[in-house]
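Here numbering that gives the first Met the number 0 is used: the first residue of the sequence shown is 0, the next is one more, and so on.
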Amino acid sequence: MIDLKRYLPFLAGIGVALAWGLSFMFTSGALDRLEPFHLLGLRFATAAGLMVLLRALKVIRFDISAGDYLILLPLALFQPIFYFSAETIGIMLTSASYSGMMIAVIPIFVAIFSAFFLREYPARTQLVFIIGTVIGVIFIIYMDNQSIAGVNPVGTLALMGAVIAAAVYNIQSRKASQTYMPIQITWVMMIVGAAVFNLIALICAFNDGGLKAYLAPLAEMWPSVFYLGAISSVAGFFLYNYVLSRITATQGAVFTNMITVVAIAGGVIFRNEILYWYHLVGAAVILLGVWGTNRFAPAIQPEEKEPPVSQAGSK
């Protein structure tokens, strides 16, 4: 009999890639009408509002105290605050293709940080497959654009900041999972994201009509905002926090490079985009890299157990 529980982290990783990979279609449409931080504000307000509703209806149950917020605050600052802010600035100053190439190296930084801060040392074979996922992403993006035009030093620094923020978040979530449930970590991330991004967006919108003008686009953009808030943020980050609670940060991080594969498939299926030979080659390399990184992981895995309850929150 197949032990389904053993494969749950990997199925969750695929779920993360699906949730985040399809988000590009909704993000691109929403950004035609909204400024980046306006969209981030609405996205995380939706995410936080949904989690508050689910908790009020007792669909999700957990305790969390003021002390827990303080402990998890650094994690929430790195993801989503620092990551999305740096990525947004980087894309604005460079190009989407160049940004994609930079973001693809996140698993490499996660592997390095895991060795230093978690003492989780990837096997040499794993490193080969991790690099393979990065090469697959860069190959697809380069072939799509045939250049890396738009390079800007400040933009590059911002994107490097996003890479480091994402890597640090992976490490912090992995460590926090020893004390907190994935749903608690996700809750704090969504609450902090909603507070910070809406503050930034409202300040920017102050001279453009205030709160009424800020909320007006929802009448037209609510499907995109709902997907980004409910599916991409709440479901996506919950699944990813679950992944990081069950397998090493290095194993979990490579699933993010599957986002490129999902984005291509989504474009072909839902937007009638053309599928080229290099998409298939790059996707095959990425999928092989994800498989190899997890197939050749060290034999000793985290102990299977029920998700922990926060010490402070359980009082």
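Ideal Cβ positions, reconstructed from N, Cα and C, are used throughout, including at glycine.
Can you tell me which of the three DSSP states V58 falls into? In this structure, V58 counts as coil in the three-state DSSP scheme.
Note down the Cα distance separating F116 from I170, rounded to an integer number of angstroms. Roughly 8 angstroms separates the two Cα atoms.
Given that a residue counts as buried once 16 or more other Cβ atoms are within 10 Å of its Cβ, and exposed if not, what is Y241? Y241 comes out buried.
Complete alpha helix (DSSP H) runs within the stretch 230-276 (minimum length 4 residues, chain order): Entirely contained in the stretch 230-276, the alpha helix (DSSP H) runs reaching 4 residues are, in chain order, 235-245, 248-252, 257-270.
Three-state secondary structure (DSSP) of Q183: Looking at Q183 - three-state DSSP - the assignment turns out to be helix.
Reducing DSSP to helix, strand and coil, say where R32 ends up. In this structure, R32 counts as coil in the three-state DSSP scheme.
Touch check for the stretch 109-129 and the stretch 47-58: three-plus C-beta pairs under 8 angstroms? Not touching, per the Cβ criterion.
Is the CB of Y97 under 8 angstroms away from at least one CB in chain D? The chain inventory of the structure shown lacks chain D, comprising one protein chain alone.
So, with DSSP's three-state summary, where would you put A193? DSSP, read as helix, strand or coil, puts A193 in helix.
CB-CB length for G28 against S223, believed under 8 angstroms: Rounded, the Cβ-Cβ distance is 6 angstroms, consistent with contact.
Counting pairs of beta carbons, one from the stretch 67-82 and one from the stretch 182-201, are three or more of them closer than 8 angstroms? Between the stretch 67-82 and the stretch 182-201, the count of Cβ pairs shorter than 8 angstroms is three or higher; the stretches touch.
If you pair each beta-carbon of the stretch 134-142 with each one of the stretch 100-118, do three or more pairs fall below 8 angstroms? Contact between the stretch 134-142 and the stretch 100-118 is established, with three or more Cβ pairs separated by less than 8 angstroms.
In the DSSP assignment, find the unbroken alpha helix (DSSP H) run with L213 in it and report its ends. In the sequence as displayed, the identity of residue 213 is Tyr instead of Leu. Start and end: 209-214.
Using a threshold of 8 angstroms, state whether the C-beta atoms of V58 and Y239 are closer than that. Taking a C-beta distance under 8 angstroms as the contact criterion, V58 and Y239 do not qualify as a contact pair.
What did DSSP end up calling A283 once you bin it into helix, strand or coil? Judged by DSSP in its simplified three-state form, A283 adopts helix.
Look at the Cβ atom of G285, then the Cβ atom of M257, and state whether they are nearer than 8 angstroms. Looking at the sequence provided, one finds Ile at residue 285 rather than Gly. Yes, these two residues count as a Cβ contact at 8 angstroms.
Given that a residue counts as buried once 16 or more other Cβ atoms are within 10 Å of its Cβ, and exposed if not, what is E86? Answer is buried; the Cβ neighbour count reaches 16.
Could you give the C-beta distance for V162 and F108, rounded to a whole number, given that I count them as a contact under 8 angstroms? About 6 angstroms separates the two Cβ atoms, so the contact holds.
Can you tell me whether E219 is buried or exposed, with buried defined as 16 or more other CB within 10 angstroms of its CB? With a threshold of 16 other beta carbon atoms within 10 Å, E219 falls short and is exposed.
If we ignore side chains and look at the alpha-carbon of each, how far apart do N144 and S96 end up? Cα to Cα, N144 sits roughly 7 angstroms from S96.
Rounded Cβ spacing between V267 and L274 (contact assumed at less than 8 angstroms): With a Cβ gap of about 5 angstroms, V267 and L274 count as contacting.
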